[in-house]
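Here the protein sequences come in this chain order: A and B.
Our numbering applies: residue 264 is where the first sequence begins, and numbers increase by one.
Our numbering applies: residue 537 is where the second sequence begins, and numbers increase by one.
Ideal Cβ positions, reconstructed from N, Cα and C, are used throughout, including at glycine.
Predicted model only: the values in this text are computed from it and were never measured.
Inspection log for the structure reproduced underneath, given as structure tokens.
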Amino acid sequence: MDADDVQRALWRMAHEIVERNHGLDGVVLVGLQTGGISLSARLADALEAIEHTRVPLGTLDVAFHRDDIGLRPVLPEAVTTMPVDLRGTTVVLVDDVLFTGRTIRAALDAISHYGRPRAVQLAVMVDRGHRELPIRPDYVGKNLPTRRDEVVDVNDDGVDLGEMVR
Amino acid sequence: MTVSHLLSIADLGAEGIDEVMGLTDSFVEVSARPIPRVPALRGKTVVWLFYEDSTRTRLSFEQAAKRLSADTMNFNVATSSVRKGESLRDTVLTIEAMGVDAIVVRHASAGVPWQIASWIGASVINAGDGWHEHPTQALLDCYTIRKHLGGVSGRRVAIVGDIRHSRVARSNVLAFAALGAEVTLVAPPTLLPPSLTGWPVTVSHDLDDVLGRCDVVYLLRMQRERMTEALLPTLREYTAGYGLTARRVDLLDEKALVMHPGPMNRGVEISAEVADLPRSLVVDQVRNGVAVRMAVLYLLLGSGVAL
């Protein structure tokens with residue numbers, strides 16, 4: 264995917280979010296550190312262009328909620344900001360790549376500390392498969408079959424597939 | 537750098553202190569959440585081994601451990617087998633055999649945390665050993681200064697009072713100097729250590745003179761329980777010469793901060809009205825202490841990162 268493909272996918276996902284939720288009432292976007300931050304901001308811009316309202320935009324670092332603490336180095340990469348109480352809202356988690364699902368599981372745990380959302384949905388730019396938990400995305404930019412040892416990089420120039428550098 | 541214990545500030549160095557500071561920012565955020573608890577240390581057990589009195593340090597560690605979902609055990613010396621004559625080594629080995637991941641120790645003798653660390657595999661955190669060190673206090677003080685002044689490097693810090701008996705002074709001098717602060721010790725000669733060789737500090741006996749040119753006044757508690765010799769004629773004379781009174785506060789720069797590790801002797805090293813000024817950060821220090829201790833526990837027990 265090049266940068267234009269990513270932007271088109273974002274537009275489509277924004278429309279799907281509006282369609283699924285019958286508008287943007289009570290919708291809150293939460294970008295996951297670090298890959299989901301810029302995507303969630305761009306998604307918020309797209310939603311504003313479509314519906315002319317600005318949805319609350321939060322960020323979440325799940326480092327302390329991970330289940331692989333102690334198995335590998337886990338340090339928070341950036342801060343968490345939650346602009347609103349999540350009780351009764353529809354939270355759309357935004358991340359760049361969905362892989363094992365463990366980050367999302369940790370995010371669901373973390374989210375529950377900010378109140379009880381009415382629903383939690385998941386938007387990812389790339390679903391690369393290899394899930395280890397029963398988690399599926401609601402909005403997908405692209406389904407990208409990968410090998411487990413490949414690396415998927417989503418950046419401003421698009422999506423790259425590379426080999427793990429050892 | 538690999539550290540599995542926190543015994544001395546010297547083990548961390550500037551790099552290690554910075555790492556703790558950065559992580560503390562994250563835990564300050566966690567502490568501000570509606571439910572200030574994360575599962576990071578679930579299944580880990582931390583035991584408090586306090587051979588000396590403490591309120592804030594023990595409660596602060598307790599709060600930190602609970603916010604990380606660790607299990608905690610309290611060891612109360614007064615009601616333990618120590619009273620039946622059990623040695624420190626046997627006590628520690630017994631506790632370790634029950635399966636603990638970290639021991640937070642405070643003891644009246646310097647060096648005890650090192651001794652314990654040599655006996656067991658669990659992480660040892662020094663919560664104060666005699667007159668020697670109190671590293672988590674130094675870390676929370678560095679964090680507090682950084683939050684209020686933007687950094688520690690280049691700041692002029694005056695540490696005032698009973699330097700001789702103060703573990704806080706020793707750890708803080710190491711930490712402040714490691715981060716590039718200029719440290720001045722202000723105390724009557726009897727309350728200074730016998731030798732300051734190798735200390736990265738300057739010494740003054742004139743508080744009024746120092747107050748005009750410092751960014752932080754760090755007051756130490758007069759440790760009356762440790763003063764077995766007659767080091768001072770009277771406490772009133774100490775207050776007259778070295779207490780931070782309302783008159784002396786006016787000598788400070790407008791933005792200068794007043795800090796104290798607590799517990800305060802109001803009317804001795806700090807006057808009651810000065811203790812309650814907005815520039816006095818005593819309460820802030822305590823608040824930051826919880827987040828700093830979360831960072832220390834997380835780094836030693838949870839992160840998988842070599843500190």
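| request: Return the residue from the list Asp358(A), Arg391(A), Val414(A) and Val354(A) that minimises the CA-CA distance to glycine 378(A). | output: Taking the first sequence and counting its residues from 1, one reaches residue 378(A) at position 115. If we check each option's Cα against that of glycine 378(A), Val354(A) comes out closest.
| Would a C-beta distance cut-off of 9 Å place serine 702(B) and leucine 624(B) closer than the cut-off? | Translated into the one-based positions of the second sequence, residue 702(B) becomes position 166. Translated into the one-based positions of the second sequence, residue 624(B) becomes position 88. Cβ atoms of serine 702(B) and leucine 624(B): not closer than 9 Å.
| Pair within 9 Å by beta-carbon distance, methionine 557(B) and tyrosine 754(B) | In the second sequence, counting from the first residue as 1, residue 557(B) sits at position 21. In the second sequence, counting from the first residue as 1, residue 754(B) sits at position 218. Not closer than 9 Å, so no.
| Under 9 Å between C-beta atoms, does glutamate 551(B) make it to chain A? | By 1-based counting over the second sequence, the position of residue 551(B) is 15. No - not a single Cβ of chain A is within 9 Å of the one on glutamate 551(B).
| Do we get a CB-CB distance below 9 Å when we pair isoleucine 571(B) with the residues of chain A? | The residue labelled residue 571(B) in the question sits at position 35 within the second sequence. At least one chain A Cβ lies under 9 Å of isoleucine 571(B).
| Rounded Cβ spacing between leucine 407(A) and aspartate 390(A) (contact assumed at less than 8 Å) | Taking the first sequence and counting its residues from 1, one reaches residue 407(A) at position 144. Taking the first sequence and counting its residues from 1, one reaches residue 390(A) at position 127. Taking a contact as a CB-CB distance under 8 Å, the pair leucine 407(A) and aspartate 390(A) counts as one, their CB atoms being some 7 Å apart.
| request: Specify the secondary structure class of leucine 361(A) as computed by DSSP and reduced to three states. | output: Residue mapping note: residue 361(A) aligns to position 98 of the first sequence, counting from 1. In this structure, leucine 361(A) counts as strand in the three-state DSSP scheme.
| field | asparagine 612(B) - DSSP class collapsed to helix/strand/coil | value | The residue labelled residue 612(B) in the question sits at position 76 within the second sequence. In this structure, DSSP gives asparagine 612(B) an extended state, which the three-state scheme calls strand.
| task | Kindly say whether proline 339(A), judged by its beta-carbon, lies nearer than 9 Å to any beta-carbon of chain B. | result | As a working mapping, residue 339(A) is identified with position 76 in the first sequence. Chain B contact via Cβ: present.
| request: For chain B, find out if any of its Cβ atoms is closer than 9 Å to the Cβ of alanine 326(A); answer yes or no. | output: The count along the first sequence starts at 1 and reaches residue 326(A) at position 63. The Cβ of alanine 326(A) sits closer than 9 Å to at least one Cβ of chain B.
| Would a C-beta distance cut-off of 9 Å place alanine 638(B) and leucine 833(B) closer than the cut-off? | Numbered from its first residue, the second sequence carries residue 638(B) at position 102. Numbered from its first residue, the second sequence carries residue 833(B) at position 297. Yes, they are a contact pair.
| task | Along the beta strand (DSSP E) that carries leucine 384(A), what are the first and last residues, could you check? | result | Within the first sequence, the letter at position 121 stands for residue 384(A). The sequence shown places glutamine at residue 384(A), not leucine. Run containing glutamine 384(A): 382-390, per the beta strand (DSSP E) assignment.
| In this structure, does DSSP put aspartate 419(A) in helix, strand or coil? | The count along the first sequence starts at 1 and reaches residue 419(A) at position 156. Reduced to three states, the DSSP call for aspartate 419(A) is coil.
| Going by the CB atoms, is the gap between aspartate 324(A) and proline 339(A) shorter than 9 Å? | Along the first sequence, read from residue 1 onward, the residue named residue 339(A) stands at position 76. Along the first sequence, read from residue 1 onward, the residue named residue 324(A) stands at position 61. Against a cut-off of 9 Å, the Cβ pair of aspartate 324(A) and proline 339(A) comes out as a contact.
| query | Rounded to a whole number of angstroms, what is the C-alpha to C-alpha distance between tryptophan 584(B) and valine 636(B)? | reply | One-based indexing of the second sequence puts residue 584(B) at position 48. One-based indexing of the second sequence puts residue 636(B) at position 100. Roughly 11 Å between the two C-alpha positions.
| query | Between the segment 551-567 of chain B and chain A, which residues of the former have CB atoms less than 8 Å from a CB of the latter, in chain order? | reply | Leu559, Asp561, Ser562, Glu565 and Val566
| request: For valine 354(A), decide whether its Cβ has a neighbour in chain B, counting only Cβ atoms nearer than 9 Å. | output: Along the first sequence, read from residue 1 onward, the residue named residue 354(A) stands at position 91. False, the Cβ-Cβ gap to chain B never drops below 9 Å.
| field | Residue ranges of each alpha helix (DSSP H) within the segment 686-723 of chain B, 4 or longer | value | 703-714
| task | Compare the C-alpha of aspartate 331(A) against each of Leu604(B), Thr591(B) and Ala576(B) and name the closest. | result | In the first sequence, counting from the first residue as 1, residue 331(A) sits at position 68. Closest by alpha carbon: Ala576(B).
| said: DSSP three-state label for valine 337(A), please. | reply: Position 74 of the first sequence, counted from the start, is the residue given in the question as residue 337(A). Coil.
| Which one or two residues does DSSP pair with alanine 776(B) in a beta bridge? | Numbered from 1 along the second sequence, position 240 holds the residue referred to as residue 776(B). The partner list for alanine 776(B) (beta bridge, DSSP) is empty, contrary to what the question assumes.
| said: Taking contact to mean 3 or more Cβ pairs, one atom from each stretch, closer than 8 Å, check whether the segment 809-822 of chain B and the segment 781-798 of chain B are in contact. | reply: yes
| message | Against chain A, with Cβ distances strictly below 9 Å, would methionine 537(B) count as a contact? | response | Indexing the second sequence from 1 puts residue 537(B) at position 1. In this prediction, methionine 537(B) has a pLDDT of 37, which is less than 50 and means its spatial position is unreliable; nothing more can be read from the coordinates.
| said: With a threshold of 9 Å between beta carbons, is arginine 429(A) in contact with chain B? | reply: The residue you call residue 429(A) lines up with position 166 of the first sequence. With a pLDDT of only 48 at arginine 429(A), under 50, the local geometry of the prediction cannot be trusted, and the value read off the model is given with reservation. Cβ-Cβ to chain B under 9 Å: no for arginine 429(A).
| field | Simplified DSSP assignment, three categories, for methionine 537(B) | value | In the second sequence, the residue the question calls residue 537(B) occupies position 1. Low per-residue confidence applies at methionine 537(B): pLDDT is 37, beneath 50, and the placement is therefore not dependable, though the value from the model is reported in the following sentence. Here methionine 537(B) sits in coil by DSSP.
| field | Unbroken stretches of the alpha helix (DSSP H), 4 residues or longer, contained in the segment 602-685 of chain B | value | 624-633, 648-655 and 671-685
| said: So for valine 819(B), helix, strand or coil by DSSP? | reply: Numbered from its first residue, the second sequence carries residue 819(B) at position 283. Looking at valine 819(B) - three-state DSSP - the assignment turns out to be helix.
| Cβ-Cβ distance between glycine 425(A) and glutamate 413(A) below 9 Å | Along the first sequence, one-based indexing puts residue 425(A) at 162. Along the first sequence, one-based indexing puts residue 413(A) at 150. Yes, these two residues count as a Cβ contact at 9 Å.
| Assigned secondary structure, tryptophan 584(B) (DSSP; H/G/I helix, E/B strand, else coil) | For this step, residue 584(B) is matched to residue 48 along the second sequence. Strand.
| query | Smallest Cα separation from alanine 341(A): which of Asp547(B), Leu559(B) and Thr593(B)? | reply | Here the question's residue 341(A) lines up with position 78 in the first sequence. When only C-alpha atoms are compared, the closest one is Leu559(B).
| message | Tell me the residue span of the beta strand (DSSP E) that contains methionine 795(B). | response | Taking the first residue of the second sequence as position 1, residue 795(B) is located at position 259. Methionine 795(B) -> beta strand (DSSP E) spans 793-795.
| said: Suppose contacts are defined by Cβ-Cβ distances below 9 Å. Is glutamate 669(B) in contact with leucine 787(B) by that definition? | reply: Translated into the one-based positions of the second sequence, residue 669(B) becomes position 133. Translated into the one-based positions of the second sequence, residue 787(B) becomes position 251. Cβ distance not < 9 Å, so glutamate 669(B) and leucine 787(B) don't count as in contact.
| said: Taking beta-carbon pairs under 9 Å, can you tell me which members of the segment 297-330 of chain A lie near chain B? | reply: Asp324, Ala326, Phe327, His328, Arg329 and Asp330
| query | What separation, rounded to the nearest whole angstrom, lies between the Cα atoms of proline 570(B) and valine 704(B)? | reply | In the second sequence, the residue the question calls residue 570(B) occupies position 34. In the second sequence, the residue the question calls residue 704(B) occupies position 168. For proline 570(B) and valine 704(B), the distance between alpha carbons rounds to 33 Å.
| request: May I ask you to report which of helix, strand or coil DSSP gives arginine 429(A)? | output: Along the first sequence, one-based indexing puts residue 429(A) at 166. Only weak support exists for where arginine 429(A) lies, its pLDDT of 48 falling under 50; the value from the coordinates is given anyway. In this structure, arginine 429(A) counts as coil in the three-state DSSP scheme.
| In the DSSP assignment, what residue or residues form a beta bridge with valine 293(A)? | Here residue 293(A) refers to the residue found at position 30 when the first sequence is read from its first residue. Paired residues: Gly321(A) and Leu356(A).
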